[in-house]
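Just so you know, the sequences run in chain order A and B.
Start counting the first sequence at 11; every next residue gets the next number (the working numbering).
Start counting the second sequence at 12; every next residue gets the next number (the working numbering).
Working notes, structure below.
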Amino acid sequence: MRRFLAIFNARNLEFFRDRGNFFWNMFLPIFLIFGFAFAFSGNNDAQYKIGLSGQTPDTLEFLGFKYLQFIPYKAGDAALDKLRHHQLDMYIDFDAGNYYVNTDSPKGYIVERLLLSDRGQSLHRQSVSGQSIRYVDWFVPGVIGMNIMFGCIIGVGFVIIRYRKNGVLKRFKATPIHPAEFISAQMFSRFFIMALMCTVLFAGTNFFLHFMMNGSYLDLAFIAALAILCHISLGLLFSTRIKSQELAGGVMNMFIWPMMFLSGIFFSLEGTPPVLQTISRFFPITHFIEAARKIMLDGATLAGVMDNILIMAGMTLLFLITATLIFKWE
Amino acid sequence: MDSILEIKNLKKYYKEVKAVDGIDFSVQAGSCFGLLGPNGAGKTTTIELIETILKPDAGTILFQGKPIDHSFKNSIGIQFQTTALQEFLTVRETLELFAKLYPKKKPIDEIIAICSLEDIIKRDNRKLSGGQRQRMLLGIALINDPDILFLDEPTTGLDPQARRNFWQLIENIKNEKKTVILTTHYMEEAEVLCDDIAVMDHGKIIEQGHPALLLEKYFQGVILKIPSESFPKNPSVSFSFEKRNGYVHVVTRNVEKTIHELIREKVPIEGLKIDKPNLDDLFITLTGSSLRT
């Protein structure tokens with residue numbers, strides 16, 4: 011018992027005296043709890059999603075019905091794409107006086123009945139058609155993105171921190187190798203591994219599940235390659251100075267978990283507070299998932315996802331240059 | 012012999028701690044130079060400054076008469092006190108990895124022979140014993156056929172047999188006229204291997220020279236060691252003495268006269284030892300016998 015208490019006490023001291031580690035471990039869960047409470051506050055019982063644009067009338071009681079979620083849209087094309095893919099059950103353009111339903115959507119039929127029961131007759135019916143996107147088709151870019159995020163940030167960042175802590179980096183510092191050579195070797199090794207893993211993951215599951223692919227596989231591969239580079243650079247940035255694996259775990263969790271839940275991996279960010287949608291634009295994973303979904307589901311070309319490409323490329327350069335400049339062997 | 016390495020006024024301070032405080036020494040080409048001192052004396056900081064692992068606050072390091080630059084790393088081999096390596100590599104793969112980092116390299120098979128690595132060459136480097144691991148690390152330090160080999164407490168933690176095997180490897184390397192710079196806690200090791208030594212304490216070199224000459228300087232005669240419990244508290248003797256590790260130490264040139272005085276003081280002769288002074292005695296004389304924490 012004495013030995014047990016001695017070890018117990020020593021470990022507690024070690025934990026609490028590592029202030030950085032203590033901070034991240036203590037405040038990250040608090041941050042997550044408040045973050046998610048904020049993100050998913052309000053009525054979560056919505057069963058139907060309706061896109062809206064234009065000046066909404068005060069007299070339409072339909073807009074106050076329970077279990078309906080109304081999502082404002084500026085561009086009608088985006089809403090109609092969602093409607094075609096069953097990601098919206100109805101779209102109403104009040105300025106044009108039209109409502110749109112997908113004739114292949116059972117939920118669209120229900121929502122149309124509800125609208126017509128409440129003076130919706132003043133709006134003109136327009137129809138679109140299109141098969142629904144299976145959740146797995148929508149989800150697979152998120153899974154690949156998640157794989158890239160974990161594989162690159164932890165696979166590069168955590169490994170270099172471990173190398174630093176146990177003296178591997180010091181041993182390399184004693185050789186003529188330059189930090190840039192060491193960093194680039196780590197990057198390319200991880201790039202090769204992640205590219206292989208993503209290819210196997212996608213091809214292996216696609217063989218059985220036949221994902222929807224309306225765009226080009228080459229475009230998807232390009233986006234994935236850019237996302238891998240971007241996340242490797244982010245992993246390197248984490249690893250430049252941190253010496254403690256526990257602190258590294260805390261810092262990485264601080265970024266990885268918000269990215270995990272606020273980048274649209276598991277569910278669409280539509281309907282979440284605008285501030286969270288803004289925050290999500292700072293995560294490289296958001297841009298990968300968005301671009302991959304546009305290519306796979308909407309048939310977008312690289313030109314169609316140029317915004318995402320430029321943002322990921324810019325982040326890659328920023329992370330990489332900063333990491334190289336502030337990297338320390340010890 | 013020419014100096015291969017000259018250190019002038021080398022300093023490294025960490026806030027109030029003067030880890031290395033203006034030291035000077037030179038190392039002769041082809042010799043084995045021992046840097047000795049208690050824990051925290053500044054030995055490891057000194058050699059890491061020379062190895063360019065740390066940046067000095069002041070001072071000059073000359074290699075073959077010229078200030079060192081980045082290319083100096085090509086001319087030295089280093090065995091750190093503690094080193095981790097990339098995992099899941101065999102001994103041969105590890106040697107090959109390091110060989111690829113240098114422009115000049117010694118053939119791997121020669122390294123294997125010099126460091127007696129034949130039996131473990133295919134073994135995962137995580138599965139080596141302490142002695143085997145040190146031999147592999149020595150192999151890595153020799154991979155670029157260095158002019159100077161730095162060994163920072165290479166035998167710490169090894170059993171006596173592994174330690175002696177390691178000494179033999181160092182002797183073999185010395186026979187190839189390599190310059191070796193060694194830090195060690197083991198005075199016997201320094202005595203066996205070193206041609207010159209410097210004793211450090213509190214960041215300064217407090218003595219340096221050839222071991223035999225230093226012993227001659229500090230100990231003129233032999234050391235009589237008498238068990239402390241049989242030595243009187245206030246003896247009336249003409250010689251000076253010092254209590255250390257359960258014995259009273261008396262350095263004397265005239266053994267007969269000293270023993271005569273001991274008998275007069277009714278000190279039993281049983282248990283009395285006569286030793287030749289060694290580096291252990293010199294080390295304790297120079298740095299003090301109390302344990303440094």
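Cβ coordinates follow ideal geometry from the N, Cα and C atoms, glycine included.
Rounded to the nearest angstrom, the gap between the Cα atoms of H95/A and L246/A is 38 Å. F33/A sits away from D147/A, with the two beta carbons spaced by 8 Å or more. Collapsing the DSSP output to three states places R94/A in a helix.
Contact annotation, D91/A with D317/A: C-beta distance approximately 16 Å; criterion of less than 8 Å not satisfied. Here the alpha carbons of T56/B and K29/B stand approximately 11 Å from one another. R29/A does not reach chain B, its nearest Cβ partner there being about 19 Å away, counting only Cβ pairs nearer than 8 Å. H241/A: member of the alpha helix (DSSP H) spanning Y227 to S249, first to last residue. Note on geometry: alpha-carbon atoms of I79/B and V210/A lie some 50 Å from one another. Close to chain A, meaning a Cβ-Cβ distance shorter than 7 Å, are the following residues of the segment 33-67 of chain B: E62 and I64. Contacts with chain B at 8 Å (Cβ-Cβ) include P186/A. The beta carbon of F192/A sits closer than 7 Å to those of F182, all from its chain and outside the five residues before and after it, given in chain order. Closer than 8 Å at the C-beta level to chain B, one finds no residue of the segment 140-166 of chain A. Contacts with chain B at 8 Å (Cβ-Cβ) include G177/A.
About 13 Å separates the Cβ atoms of I34/B and L47/B, ruling out a contact at the 8 Å cut-off. Close partners of K180/A in chain B (Cβ separation under 8 Å): I64, F91 and T94. Among the residues facing chain A, Q75/B is not included, as its CB has no counterpart in that chain under 8 Å away. Counting only Cβ-Cβ distances below 8 Å, N85/B has contacts in chain A at P186, in chain order.
Residue contact with chain A for Q97/B: present (Cβ-Cβ distance below 8 Å to some residue of chain A).
Of all residues in the segment 104-118 of chain B, only F109, L112, Y113 and P114 place a beta-carbon less than 9 Å from a beta-carbon of chain A. Beta-bridge pairing by DSSP links M100/A to I60/A. With a cut-off of 8 Å on Cβ pairs, the segment 120-129 of chain A is in contact with the segment 71-82 of chain A, counting three or more such pairs. Among the bridge pairs identified by DSSP, S14/B is matched with Q39/B. The bridge partners DSSP lists for K77/B are F74/B. Here the alpha carbon of L297/B sits roughly 18 Å from the alpha carbon of F36/B. For K183/A, the chain B residues whose C-beta falls within less than 8 Å of its own C-beta are I64, listed in chain order.
The alpha-carbon of P67/B is positioned some 5 Å away from that of K23/B.
Shortest Cα-Cα distance from F250/B to any of N256/B, R264/B and L16/B involves R264/B. Residue state for Y24/B is assigned as strand, using DSSP reduced to three classes.
For G165/A and G274/A, the gap between their C-alpha atoms comes out near 22 Å. Of all alpha-carbon atoms in F277/A, F248/A and L328/A, the one lying nearest the alpha-carbon of N263/A is that of F248/A.
Residue burial is scored here from C-beta neighbours: G161/A has at least 16 other C-beta atoms within 10 angstroms and is therefore classed as buried. Less than 8 Å divides the Cβ of M322/A from the Cβ of A237/A. Taken in chain order, the whole beta strand (DSSP E) runs of length 3 or more contained in the segment 242-293 of chain B are 253-255, 258-263 and 284-286. Within the same chain, and ignoring the five residues on either side of S290/A in sequence, the residues whose Cβ sits closer than 8 Å to its Cβ are L272, S273, G274, L279 and T296.
In chain order, R137 place their CB closer than 7 Å to the CB of E98/B, counting only its own chain and leaving out the 5 sequence neighbours on each side. One Cα belongs to T63/B, the other to A235/A, and the distance between them is close to 38 Å.
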